[in-house]
Amino acid sequence: GNELLPSKYIVQTCRSKPNQAAGSVKKQTETSKEYNQQNPYIGTLLCNKRLTAEDWQQDVRHYEISLDSSMEFQPGDSLAVLPCNSTDEVMAFLKRVNIPVDTVITSIALRDPSATDSGPRSISHLTFPMTVVELFEKHIDITGTPRRYFFELLSFFASAEHEQERLLYFSSSEAQDELRVYCDREKKSVREVLEDFPSVLPPLEYILDLVPPIQPRLFSIASSWKLHPNQAQLLVAKLQFTTTLKRKRVGLCTGWMSQLQEKDSLRVWIKEGNSRFRLPEKATTPIIMIGPGTGLAPFRSFIQERTWMMRNGENLGWSSLYTGCRHRLKDWYYGDELNAAVTERSLTKYYIAFSRDEIEINNRKTYVQHLMQESSVEIWEVLRQGGFVFLSGSAQVMPQNVKDAIIEIIQREGNQSQEDAEVFFAAMERSGRFSSETWQ
Ligand SMILES: Cc1cc2nc3c(=O)[nH]c(=O)nc-3n(C[C@H](O)[C@H](O)[C@H](O)COP(=O)(O)OP(=O)(O)OC[C@H]3O[C@@H](n4cnc5c(N)ncnc54)[C@H](O)[C@@H]3O)c2cc1C
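Be aware that the sequence shown starts at 5, since it is given in the working numbering, and climbs by one per residue.
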């Protein structure tokens with residue numbers, strides 16, 4: 005009983021002369037106080053510097069991106085970045101779906117003008133004419149992984165019966181485990197799925213129903229506006245992994261950013277952070293910051309802000325930073341700068357775990373929670389005085405390990421039962437004296 009419904013959008017196109025076909029990020033013509041996904045700020049890349057050694061498998065980078073003066077942010081805020089697809093990827097996609105590369109979109113309008121169309125899945129805000137290359141480079145997520153509905157809708161455009169059957173099977177509820185293995189675990193892109201079903205040929209209007217718009221990625225801002233006005237600095241790990249079937253994958257946004265050159269444009273806006281993930285109101289309140297790997301990013305902003313406060317005559321309370329990397333010589337970032345903050349006394353203690361270097365010394369990998377255990381007297385003193393603890397980072401098990409370490413420290417140094425220590429910690433969380441910002 006399934007029938008193909010009309011597409012959401014009506015698309016009008018024409019063909020351009022070849023020299024008009026190249027897409028690029030348009031320069032901002034008007035400035036606005038409110039930048040967001042529909043109206044991003046077009047920032048300029050001021051710096052793209054690899055921080056990890058060239059011969060080290062992880063590619064972690066320091067970026068500096070210009071902002072306009074209306075975009076002042078607080079430590080703890082994030083920068084939203086809208087990535088682009090590579091031109092090669094777009095060309096391969098257009099070829100696969102038989103859309104000539106010199107197509108120009110003259111309008112995209114809702115078929116039902118009374119329907120509401122806003123939010124992250126909408127493309128109604130785009131302005132035309134726009135080349136089809138630009139549309140797919142900047143707006144349509146062709147490297148994203150298709151969901152169940154994609155297979156159902158795609159089945160209408162299969163001319164080979166066995167492909168239609170397989171597509172319908174993948175959209176059925178009994179096939180969802182297999183779909184996860186086929187698609188999610190392999191991080192298959194829309195284009196790769198289309199290559200697996202060669203008889204399928206969806207028209208442009210339905211491609212816009214099949215493939216959602218590119219979504220922004222958030223990055224914790226790693227600098228302070230007060231020390232570095234009109235820009236945001238980021239600490240970004242390029243996502244790279246090998247799938248079960250040994251395909252090499254790179255994250256869309258972090259892969260795209262890593263190849264940008266100075267003066268290139270990128271679409272950004274400020275995303276206000278969690279209201280609890282903020283420096284305490286009084287600069288004298290002691291703080292503990294725990295951020296291994298790129299989890300260091302927001303704390304570099306905290307420390308820079310406190311450096312500025314100190315240089316402007318404020319008294320600072322006690323502060324410590326627990327961070328970690330693998331090897332002193334391969335992936336230790338901002339070491340000189342953080343040591344300088346200790347010398348200048350805007351940071352009281354700087355602890356860094358070199359997880360792999362210290363195997364020989366400790367007979368195990370050393371992580372932030374081990375450093376915390378070794379300085380537990382100090383940590384308990386901060387907790388007892390009503391200090392704040394912040395946690396940030398990307399590991400899956402790290403947050404729980406850190407929480408367990410804190411509860412153990414409360415027990416041991418505060419002479420409390422495990423139950424009382426858990427109550428103490430829960431009260432810290434409730435009152436906002438423990439807050440975390442973690443991501444996958
Ligand atoms: C508040 C916040 C702050 C953040 N701050 C930072 C920061 O300071 N620095 C930083 O580097 N990142 C940060 N991130 C993470 C960042 O937003 C991106 O998610 C990350 O960089 C990857 O983006 P990408 O576009 O490169 O990857 P994508 O193309 O979006 O790919 C990510 C997806 O790949 C899949 N995937 C990942 N690993 C595997 C695997 N092994 N096997 C199969 N599939 C896999 C998952 O589905 C995952 O959702 C932050 C996130 C949030 C929410």
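Glycine included, each C-beta is placed from N, C-alpha and C at the ideal position.
If you check the C-beta of W60 against ligand 1, you find no heavy atom less than 6 Å away.
Within the model, the alpha-carbon separation for T107 versus M95 is close to 12 Å. Where Y67 is concerned, the enclosing beta strand (DSSP E) starts and stops at 64-70.
DSSP, reduced to helix, strand and coil, places A431 within a helical segment of the structure shown. Annotation for M75: I274 place their beta carbon closer than 6 Å to its own, counting only its chain and skipping 5 residues before and after. The beta carbon of R221 sits closer than 6 Å to at least one heavy atom of ligand 1.
A residue is called buried once 16 or more other Cβ atoms fall within 10 Å of its Cβ, and L333, having fewer, is exposed. Partner residues in the beta bridge of Q244, as assigned by DSSP, are V254. Contact between I225 and L238 is confirmed by a C-beta separation of about 7 Å, below the 8 Å threshold. The C-alpha of P302 lies about 16 Å from the C-alpha of I69. Pairing V215 with T347, the inter-Cα distance amounts to about 53 Å.
Taking E156 as the centre and dropping the five residues before and after it, the same chain places the C-beta of S175 closer than 6 Å to its C-beta, in chain order.
If the five residues before and after L50 are omitted, its C-beta is found closer than 7 Å to the C-beta atoms of E68, I69, S70, Q235, E266, all from its own chain and listed in chain order. Pairing Q180 with R152, the inter-Cα distance amounts to about 8 Å. Cα atoms of R368 and Q400: separation of roughly 19 Å, rounded to the nearest angstrom. The continuous beta strand (DSSP E) containing L50 extends over residues 45-54. Taking the Cα positions, L205 is about 26 Å away from E178. Taking C-beta atoms as the reference points, S359 and T370 count as a pair closer than 7 Å.
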